[in-house]
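Numbering (the working numbering), first residue to last: 99 to 407.
Report on one structure; see the data block that follows.
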Ligand SMILES: NC(=O)c1ccc[n+]([C@@H]2O[C@H](COP(=O)([O-])OP(=O)(O)OC[C@H]3O[C@@H](n4cnc5c(N)ncnc54)[C@H](OP(=O)(O)O)[C@@H]3O)[C@@H](O)[C@H]2O)c1
């Protein structure tokens with residue numbers, strides 16, 4: 099079968115190759131992949147390391163083979179390939195990492211959800227008493243950021259979205275942001291606080307400033323380090339807040355607490371009801387995946403991108 103494998107020497111860091119078909123173990127379903135979505139994290143992985151490694155977390159497709167208790171053969175499912183093997187025609191997935199796609203949700207929408215939307219959902223759920231609370235989403239145009247803006251709105255938060263350019267403001271308003279701050283160094287973001295919760299994927303100077311705009315019981319959840327800068331924290335600040343916290347988030351660890359199936363079911367229901375928007379920006383055919391990957395790395399578009407297999 100065909101699959102994309104890593105190759106740091108080509109655009110996008112991926113190259114289509116012929117590989118052996120996977121064999122499902124017990125408690126795994128074998129899926130025919132119809133769509134996959136791209137995340138910055140896996141593309142960084144593709145560009146950084148050795149060639150010829152499998153890649154791909156987020157997939158949608160149909161069930162070819164299922165163990166007892168699994169989804170029926172032929173049913174539509176979305177899955178998180180924890181082993182990062184999803185950008186292929188077929189993949190074997192543990193039952194705990196997939197969910198049935200309900201009526202009214204397209205495979206492209208479903209394939210956009212696993213890593214980005216689960217990260218947004220669980221990062222927000224680290225917050226307490228969020229109804230009516232001010233929540234900052236940094237990097238709000240990103241895959242995770244876009245879902246965090248929409249989900250925070252659904253949770254009844256007063257959502258502040260940080261973007262880098264004025265032309266990104268309207269898109270954030272459309273996702274439900276109550277205030278959009280155009281800022282790169284964190285000064286305006288700090289002025290717009292205090293925040294009960296900060297959901298951050300930047301890891302830079304802006305993050306450092308935002309943390310100092312937490313309310314006394316505020317929590318900053320750092321799920322990414324897109325900018326990879328040293329964070330600066332005034333030692334007295336968190337002491338002064340009393341219960342203020344800075345926490346890391348990791349989807350692999352979090353999915354040990356709630357199964358991917360359950361998290362995806364919660365998100366899929368919201369999409370089916372038309373309450374959660376999927377910020378699907380690009381949809382291309384198999385052969386265009388390397389260019390799409392490079393465009394995502396070059397930040398040529400915002401939101402999610404899907405490849406049809
Ligand atoms: N811990 C986990 O489990 C987990 C899960 C998912 C993702 N992540 C990590 O989270 C990060 C974001 O993921 P993603 O998929 O949302 O990425 P993405 O779609 O590429 O979004 C990146 C966001 O950061 C902004 N940005 C990029 N470079 C910036 C800079 N130098 N200064 C300020 N803003 C900048 C972008 O703004 P523009 O639109 O203006 O370019 C965009 O809003 C990645 O590092 C990823 O590896 C971690």
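Cβ coordinates follow ideal geometry from the N, Cα and C atoms, glycine included.
Between ligand 1 and the CB of residue 400, the shortest heavy atom gap is smaller than 8 angstroms. Sequence-distant Cβ neighbours of residue 114 in its own chain, meaning closer than 6 angstroms and more than five residues away, are 100, 102.
About 6 angstroms separates the beta carbon of residue 195 from that of residue 180, a gap short enough to meet the 8 angstroms contact definition.
The continuous stretches of alpha helix (DSSP H) do not include residue 346, which lies in the beta strand (DSSP E) extending over residues 343 to 346. The Cβ neighbour count for residue 227, taken over all protein chains shown within 10 Å, is under 16; the residue is labelled exposed. Leaving aside the five residues that flank residue 263 on each side, the residues in its chain whose CB is nearer than 8 angstroms to its CB run, in chain order, 280. DSSP places residue 354 in the coil class of the three-state scheme, outside both helix and strand. Under the three-state reduction of DSSP, residue 236 is assigned to coil, being neither helix nor strand. According to the DSSP assignment, residue 159 belongs to the beta strand (DSSP E) that extends over 156 to 163. Residue 144 is positioned such that its CB atom lies closer than 9 angstroms to that of residue 112. In the structure shown, the three-state DSSP call for residue 402 is strand. Look at the beta carbons and you see the region 323 to 330 not touching the region 168 to 178: under three pairs across the two are nearer than 8 angstroms. Burial is judged here by how many other beta carbons sit within 10 angstroms of a residue's own beta carbon; residue 193 has at least 16 and is buried.
For residue 241, no beta strand (DSSP E) encloses it; the enclosing alpha helix (DSSP H) starts and ends at 241 to 252. Per the coordinates, the alpha-carbon of residue 290 lies some 21 angstroms from the alpha-carbon of residue 345.
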